[in-house]
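Report on the structure given below.
Residue numbers (our numbering): 309 to 627.
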């Protein structure tokens with residue numbers, strides 16, 4: 309079948325698809341606006357961060373399958389796709405370790421003020437006294453909101469640093485899930501208020517849904533500890549950015565972000581964001597899953613989804 313790949317995708321796995329008899333068009337520079345004009349008569353579309361809007365789905369007269377090379381599918385209009393008979397599939401869990409590694413990197417960077425220290429040294433400024441101030445991670449309490457593959461990967465790494473790991477208790481968890489929580493040495497607390505009041509670091513690992521959008525709002529931030537740390541490597545929509553800016557000022561909340569509201573639809577673009585450019589925020593370019601290891605694992609998962617589709621099965625279908 310004809311497949312359009314509209315984002316970066318490892319050459320080795322493009323070759324695997326081609327050797328399987330598929331006709332591949334590789335256009336990694338497409339963005340949300342140009343995608344609709346490029347979809348043509350392709351039957352399948354593979355994307356990473358490129359947004360797939362209703363206009364693209366309408367333009368794809370032969371389109372039957374959209375694959376998100378990753379876990380989150382909030383950048384794809386799944387409802388319109390379903391109405392149009394187009395299946396949306398993803399590759400969950402394959403990039404969990406990479407995102408967890410970045411989350412830990414943000415925590416370390418904030419605690420040791422690494423970005424500013426590097427910047428000053430690059431300018432020829434020696435400020436050992438300034439950069440010798442750090443809390444340290446041993447014994448710190450970290451709350452993980454969202455116990456999926458990434459959340460558990462963060463818990464494992466936090467444990468290795470000697471941190472105490474907490475999460476929200478939820479009813480109706482399976483016995484297997486409860487055992488995994490126990491194995492990961494996660495302490496469950498009964499309420500969000502209790503979690504926010506006790507923990508020094510809050511790390512977000514949740515999808516953007518009606519229930520989670522603006523989860524981090526003025527009430528949430530008010531319950532956090534003074535000078536607590538907030539890490540978001542999941543979705544920008546989880547945070548009320550104006551409220552967070554205020555909390556940074558009033559409570560000294562320290563912040564590490566890999567995701568933002570209204571991110572550009574292309575990999576290379578301009579981006580105006582008060583929170584992303586704030587000097588007190590350790591910010592990265594939505595690169596949590598962007599390691600070679602993760603991208604190969606995700607690409608392998610995409611190949612599996614396409615192989616299943618050719619056999620009449622929709623693997624990891626989300627709509």
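Yeah, the Cβ is synthetic: ideal placement off N, Cα and C, and Gly gets one too. What you are looking at is a predicted structure, and each value in this text was computed from that prediction instead of being measured.
Please return the same chain residues whose Cβ sits closer than 8 angstroms to the Cβ of residue i, not counting the five positions on each side in sequence.
| i | result |
| --- | --- |
| residue 321 | 604, 607, 608, 610 and 611 |
| residue 470 | 445, 446 and 447 |
| residue 548 | 522, 524, 525 and 526 |
| residue 601 | 405 and 406 |
| residue 489 | 455, 475, 481 and 496 |
Where does residue i fall in DSSP's three states?
| i | result |
| --- | --- |
| residue 459 | helix |
| residue 452 | strand |
| residue 482 | coil |
| residue 398 | strand |
| residue 618 | helix |
| residue 327 | helix |
| residue 595 | coil |
| residue 577 | coil |
| residue 433 | coil |
| residue 378 | coil |
| residue 420 | helix |
| residue 524 | strand |
| residue 415 | helix |
| residue 630 | The chain is shown only over 309 to 627; residue 630 falls outside these bounds and no answer can be derived. |
| residue 511 | strand |
Got a sec? Which residues, its chain only, sit under 6 angstroms from residue i by beta carbon, not counting five neighbours each side?
| i | result |
| --- | --- |
| residue 472 | 449 |
| residue 535 | 560 |
| residue 477 | 496 and 498 |
| residue 412 | 465 |
| residue 383 | 359 |
| residue 599 | 406 |
For the candidate residues the options, whose alpha-carbon lies nearest to that of residue i?
| i | options | result |
| --- | --- | --- |
| residue 486 | 456, 513 and 507 | 456 |
| residue 358 | 602, 623, 622 and 594 | 594 |
| residue 575 | 475, 454, 335 and 511 | 335 |
| residue 564 | 553, 531, 434 and 541 | 541 |
| residue 369 | 376, 349 and 386 | 349 |
| residue 375 | 396, 338 and 556 | 396 |
| residue 569 | 425, 623, 545 and 589 | 545 |
| residue 373 | 539, 493 and 353 | 353 |
| residue 509 | 441, 379, 533 and 550 | 533 |
| residue 537 | 530, 562 and 437 | 562 |
| residue 515 | 620, 567 and 420 | 567 |
Just grab the DSSP bridge partners of residue i for me.
| i | result |
| --- | --- |
| residue 495 | 474 |
| residue 310 | 331 |
| residue 427 | The partner list for residue 427 (beta bridge, DSSP) is empty, contrary to what the question assumes. |
| residue 563 | 538 and 589 |
| residue 489 | According to DSSP, residue 489 bridges with nothing at all. |
Residues in its own chain within less than 7 angstroms of residue i by CB, not counting five upstream and five downstream?
| i | result |
| --- | --- |
| residue 332 | 311, 313, 322, 325 and 326 |
| residue 365 | 371, 385, 388, 389, 392 and 394 |
| residue 572 | 579 |
| residue 591 | 565 and 584 |
What are the complete alpha helix (DSSP H) segments, minimum 4 residues, inside the stretch 533-560? 549-559
Every unbroken alpha helix (DSSP H) within the stretch 335-367, with a cutoff of 4 residues, ordered by chain: 340-346 and 362-367
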